[in-house]
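Below you'll find the structure, written out as structure tokens, and then a few comments.
In the working numbering, the protein residues as written are 7 to 306.
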């Protein structure tokens, strides 16, 4: 069982579930009260939606390891699961079971909220993650965009299923979290590409660092970090103007400063260990952003 949990990256799945629950109850519900809109899902159906999202992500991790055996033997031989701790057949079996259950759950919940179109979301994400692992991971920028989009969808899917009748154009905080999820995921994926450059080169992948080199890739990362810091600083400024000091200090100390620190480490990084550390810093920032939802509801 422990090997299966490693295969599906259970810490990441916990973060996904936590993000969806906090987003619904700390962000969406206060907005719903302001707009006098009732949630489309019951608590049980929302739990099923979270489960379907987690299963889609777990299936994606399983299929990614299934197709990454060759590069993983070079990039992280001591962390290989498929082909060493679990057979490829077992990995594919888990991918298939998780994907089918997630798709069926998505269709069921879409029926319960009265919009069958929403049932296509899990199907599309499952297909995208399959194509990413089979083909697009090796393409310049395409794989990074797919994973970042899938990460942002963990937030968007809650909006679509629970608030599809609500006008969201005026609620900047909602789209702020969507963009945050996309940006931090994109940064982390590019960092991981630098970390895995040796194996990707030998496997013929055309990732960003393979194509343009590590120095130019670091410039791209610094630009993305800079844009993120500016955006977060603006949100911090707005919270200060509205006398929400706890949000102001949280964003500055727990999110913005780690972002700036990440930029510094990107600038001075020289080896694989540095980029492995940076990947963990990005994960910390992601978790910090998720936990900030417990404070944002004071904004409303």
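No residue lacks a Cβ here, since even glycine has one placed at the ideal position from N, Cα and C.
Task: residue 61, DSSP secondary structure in three states - done: In the three-state reduction of the DSSP assignment, residue 61 falls in the helix class, which pools H, G and I.
Task: Residues of its chain near residue 188, where Cβ-Cβ distance is below 6 Å and the 5 sequence neighbours each way are ignored - done: Only 154 and 158 meet the Cβ criterion.
Open item on the list: Since residue 3 and residue 288 should fall inside the 8 Å C-beta cutoff, what is the C-beta to C-beta distance between them, to a whole number of angstroms?
Closed with: The structure shown does not extend to residue 3, since the chain is modelled only from 7 through 306, so no value can be given for it.
Task: CA-to-CA distance, residue 19 to residue 60, given in whole angstroms - done: Taking the straight line joining both Cα atoms gives about 6 Å.
Task: Three or more C-beta pairs below 8 Å linking the region 139 to 146 and the region 69 to 81 - done: Yes: at least three Cβ pairs fall under 8 Å.
TODO: Determine the burial state of residue 14: buried for a count of at least 16 other Cβ atoms within 10 Å of its Cβ, exposed for fewer.
DONE: Only buried fits residue 14, as 16 or more other CB atoms lie within 10 angstroms of its CB.
Task: Span separating the alpha-carbon of residue 192 from that of residue 290 - done: The alpha-carbon atoms of residue 192 and residue 290 are separated by roughly 14 Å.
- [ ] Classify residue 261 as helix, strand or coil using the three-state DSSP reduction.
- [x] In this structure, DSSP gives residue 261 a helical state, which the three-state scheme calls helix.
Task: Burial state of residue 197, where buried means 16 or more other Cβ atoms lie within 10 Å - done: With 16 or more Cβ atoms within 10 Å of its Cβ, residue 197 is classed as buried.
Task: residue 171 in three-state terms, based on DSSP - done: For residue 171, the predicted structure reports a pLDDT of 48, less than 50, and the residue's modelled location is therefore unreliable. A value from the coordinates is still provided. Here residue 171 sits in coil by DSSP.
Open item on the list: Give me the residue from 232, 42, 178 and 8 with the minimum Cα distance to residue 268.
Closed with: Comparing Cα positions, the closest option is 232.
Task: Given residue 103 as reference, the closest of 63, 125 and 146 once Cα atoms are compared - done: Put simply, of 63, 125 and 146 the residue whose alpha carbon is nearest the alpha carbon of residue 103 is 63.
Open item on the list: Taking the beta carbon of residue 26 as the centre, do at least 16 other beta carbons fall within 10 Å, making it buried, or is it exposed?
Closed with: Its Cβ being crowded by 16 or more others within 10 Å, residue 26 is buried.
Task: Close beta carbons around residue 212, own chain, < 8 Å, minus the five adjacent residues each side - done: Listed in chain order, the non-local C-beta contacts of residue 212 below 8 Å within the same chain comprise 144, 145 and 146, local neighbours out to five positions each way being set aside.
TODO: Just mark residue 101 as buried or exposed, buried being the case when its beta carbon has 16 or more other beta carbons within 10 Å.
DONE: The residue in question, residue 101, is buried, as its Cβ has 16 or more Cβ neighbours within 10 Å.
Open item on the list: With three or more C-beta pairs closer than 8 Å as the rule, is the region 80 to 91 touching the region 122 to 137?
Closed with: Put simply, the region 122 to 137 does not touch the region 80 to 91. Fewer than three CB pairs are less than 8 Å apart.
Open item on the list: Quick check on the burial criterion: 16 or more other C-beta atoms within 10 angstroms. Buried or exposed for residue 122?
Closed with: With fewer than 16 neighbouring CB atoms inside 10 Å of its own CB, residue 122 falls in the exposed class.
- [ ] In angstroms with no decimal places, state the Cα-to-Cα distance between residue 245 and residue 99.
- [x] The alpha-carbon separation between residue 245 and residue 99 amounts to approximately 48 Å.
TODO: Report the residue ranges of all beta strand (DSSP E) runs contained in full by the region 112 to 173; include only those spanning at least 3 residues, in chain order.
DONE: With a minimum length of 3 residues, no continuous beta strand (DSSP E) run stays inside the region 112 to 173.
Task: Coarse secondary structure for residue 92, derived from DSSP in three states - done: Residue 92 falls in the strand class under three-state DSSP.
Open item on the list: Residues in the same chain with beta-carbon distance under 7 Å from residue 186, minus the five sequence neighbours each way, listed in chain order, please.
Closed with: Once the five neighbours on either side are set aside, the close Cβ partners of residue 186 are 295.
Open item on the list: Given a cut-off of 9 Å on the beta-carbon distance, is the pair residue 253 and residue 298 in contact?
Closed with: Yes.
TODO: Would you give the residue range spanned by the alpha helix (DSSP H) that residue 281 belongs to?
DONE: DSSP places residue 281 inside the alpha helix (DSSP H), whose first and last residues are 278 to 297.
Open item on the list: Distance check for residue 7 and residue 176, CA to CA, integer angstroms please.
Closed with: Because residue 176 sits at a pLDDT of 48, beneath the cut-off of 50, its placement in the model cannot be relied upon, and the following sentence gives the value as read from the coordinates. Each residue's Cα considered, the two are about 46 Å apart.
TODO: Rounded to whole angstroms, what's the CA-CA distance from residue 283 to residue 148? Just pull it up for me.
DONE: The C-alpha of residue 148 is placed about 24 Å away from the C-alpha of residue 283.
- [ ] Mind listing, in chain order, the continuous alpha helix (DSSP H) runs of no fewer than 4 residues lying wholly within the region 182 to 227?
- [x] DSSP runs (the alpha helix (DSSP H)) wholly in the region 182 to 227: 203 to 208 and 214 to 218.
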